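Inspection log for the structure reproduced underneath, given as C-alpha cells.
There are 2 protein chains.
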Amino acid sequence: MKANIFVTLKREVLDPQGDAVRRSLGTLGFKEVKSARVGKLIELELDGNDKASADAHIQSMCEKLLANPVIEDFRYEIVD
Amino acid sequence: MKANIFVTLKREVLDPQGDAVRRSLGTLGFKEVKSARVGKLIELELDGNDKASADAHIQSMCEKLLANPVIEDFRYEIVD
C-alpha cells in the first residue's frame with residue numbers, strides 16, 4: 001500500500017521560501033503567480049492491506065512526527 | 101486558479117531525509133513502513149481562467165525553476 005502525505009504551513013504562518021519562489025517566477029516572466037507556498041510531500045510504502053488500520057496509523061505518524069501541529073497542517077491519501 | 105506541484109526525487113537518487121523518516125517511524129513503532137521519500141509540494145495561486153495556458157506555463161515553471169531535472173521528477177494538478 002502507498003500513502004502520500006501533504007504537510008503545509010498553516011495559512012497564518014509566513015512562508016519566506018514560498019515568497020522567494022513567487023518572486024523568482026515573476027522575474028522569469030510568470031506574472032500571473034499571485035502566491036506560492038512550499039510544503040512537504042512524504043511518500044510512504046506500507047506493508048499490509050488494511051486501509052482502516054493504515055488510515056489510523058498515518059494520522060498518528062503525522063501527529064507524532066511528520067507535521068508540527070503548531071505551524072503545520074497535514075492531509076493524506078492512501079493509494080492502492 | 102490554483103495549482104499543486106509535486107516535486108520528487110527520481111527513484112534512482114538516494115534520499116537520506118526519507119531514510120531518516122523511515123527509521124524514526126520504525127523507532128516510534130510503525131514497523132509497517134517499508135520506505136519513505138520526501139519531496140516538495142508547491143501550491144500556486146494563479147490569475148486567469150485559461151486552463152490550457154496555465155498548464156503550459158506550469159510545465160515551463162517546473163522545467164525552469166521548480167524542479168531540478170537531473171535528480172527530480174515533477175507532476176502537477178490544476179484545481180478550480
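From first to last, the protein sequence lines stand for chains E and R.
Per the working numbering, residue 1 is the first one in the first sequence, and the count goes up by one each step.
Per the working numbering, residue 101 is the first one in the second sequence, and the count goes up by one each step.
For each residue, glycine too, the CB sits at the ideal point set by N, CA and C.
Bear in mind the structure is a predicted one, so any value in this text is a computation, not a measurement.
- For GLY48 of chain E, there is no enclosing beta strand (DSSP E), since its DSSP letter is neither H nor E.
- Judged by their CB atoms, VAL7 of chain E and ILE42 of chain E are nearer to each other than the 8 Å cut-off.
- For the set R:SER160, R:GLU163, R:GLY129 and R:ALA103, the Cα lying nearest the Cα of LYS64 of chain E is the one of R:GLY129.
- For LEU166 of chain R, no alpha helix (DSSP H) encloses it, and the DSSP letter there is neither H nor E.
- For PHE6 of chain E, the closest Cβ of chain R is nearer than 8 Å.
- Taking the Cβ atoms as the reference, MET61 of chain E lies roughly 6 Å from LEU125 of chain R, within the contact range of under 8 Å.
- Among the residues facing chain R, ARG37 of chain E is included, as its CB has a counterpart in that chain under 8 Å away.
- With respect to chain R, the C-beta atom of ASP47 of chain E has a partner C-beta closer than 8 Å.
- Under the 8 Å criterion on CB atoms, ILE142 of chain R is classed as interfacial with respect to chain E.
- Residue pairing from DSSP places GLU143 of chain R in a beta bridge opposite E:ARG37 and R:ASN104.
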